[in-house]
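Enquirer:
In the numbering used here, the protein residues as written are 908 to 1159.
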């Protein structure tokens, strides 16, 4: 679905049908997907350029959509390393065959909640050095988890494995409109065989950052997180039904 909303070609008839239903509930969904993708690019560049991060964990990476995390990071640091994590074996296989992979990329088939497997697979052979700063990315994926999967606890487990000076990036779909939250959640659960979480409220996301040092501009609609153009900022105003809400935090 995400790829279709971005205008890509790596999608299926079921994705297109689900997107049409989604657009009836939340007409700004295409803009939302673009805003989220731009945020991911900005945050990776910021962490690489301004914070010197060369190691990234991209949780729930999904089907590849250019530019990918490693392409952005390696423009800044040629030796940057990115571990892409997804539970779907099709996504992993497609990533390995379609991306311009190099020695700085690794694909890990795992649930984003399986912290131990992720750390073990990412650190194998010294690919990711967890004694050094790492950026753990949870961009537009937390809403895929049910409350019973304890997304906040998942983030806490990963935080505990990261060295001081690491960063955690989290954003997820939120809406102030209860009907939008309920309707989108039902649509996505019906379309995934109940394998989806929910659209949440901003307070839910704020709790994910408890105990962390959140960087300015703090927790916001991600379109307002260090925007790189007025045009993109103006386009973001169309996503009034819901937004991607979150931010970036440093681990001391």
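Backbone N, C-alpha and C fix where the C-beta goes; we use that ideal spot for every residue, glycine too.
Let's test the definition: count the other Cβ atoms within 10 Å of the Cβ of residue 961 and tell me whether it reaches 16, buried, or not, exposed.
Expert: Here residue 961 is taken as the residue at index 54 of the chain shown, counted from 1. Buried, since its Cβ has 16 or more Cβ neighbours within 10 Å.
Enquirer: DSSP on residue 982, reduced to helix/strand/coil?
Expert: The sequence position of residue 982 within the chain shown is 75, counting from 1. Helix at residue 982.
Enquirer: Would DSSP call residue 911 helix, strand or coil?
Expert: Along the chain shown, read from residue 1 onward, the residue named residue 911 stands at position 4. Note that residue 911 scores a pLDDT of 48, beneath 50, so its modelled location is shaky; the value from the coordinates is reported in the next line. Helix at residue 911.
Enquirer: Can you confirm whether the segment 1038-1058 touches the segment 1010-1017 when touching is taken to mean that 3 or more C-beta pairs between the two stretches lie within less than 8 angstroms?
Expert: Too few Cβ pairs lie closer than 8 angstroms, so no.
Enquirer: Figure out for me which residue from 1156, 1152 and 1093 has the closest Cα to the Cα of residue 1123.
Expert: The count along the chain shown starts at 1 and reaches residue 1123 at position 216. Nearest C-alpha to residue 1123: 1156.
Enquirer: Work out the CA separation of residue 952 and residue 911 for me, nearest whole Å.
Expert: Sequence index remark: in the chain shown, residue 911 carries index 4 (1-based). Sequence index remark: in the chain shown, residue 952 carries index 45 (1-based). Any answer about residue 911 is weak, because its pLDDT of 48 lies below 50 and its placement is not dependable; what the coordinates show is given next. Going from the Cα of residue 911 to the Cα of residue 952 covers about 25 angstroms.
Enquirer: Using the three-state DSSP reduction, which class does residue 1106 fall into: helix, strand or coil?
Expert: As a position in the chain shown, residue 1106 is number 199, starting the count at 1. Three-state result, residue 1106: coil.
Enquirer: For residue 1092, which three-state DSSP category applies?
Expert: Reading the chain shown from its first residue, position 185 is the one you call residue 1092. If DSSP states are grouped into helix, strand and coil, residue 1092 belongs with the helices.
Enquirer: Could you give the residue range of the alpha helix (DSSP H) that holds residue 998?
Expert: Position 91 of the chain shown, counted from the first residue, corresponds to residue 998. Looking at the DSSP string, the run of the alpha helix (DSSP H) that includes residue 998 is 996-1005.
Enquirer: Hey, how far is the Cα of residue 968 from the Cα of residue 988?
Expert: By 1-based counting over the chain shown, the position of residue 968 is 61. By 1-based counting over the chain shown, the position of residue 988 is 81. Computed Cα separation, rounded: 15 angstroms.
Enquirer: Over what stretch of residues does the beta strand (DSSP E) that includes residue 878 continue unbroken?
Expert: Not covered by the structure: residue 878. The range shown for the chain is 908 to 1159.
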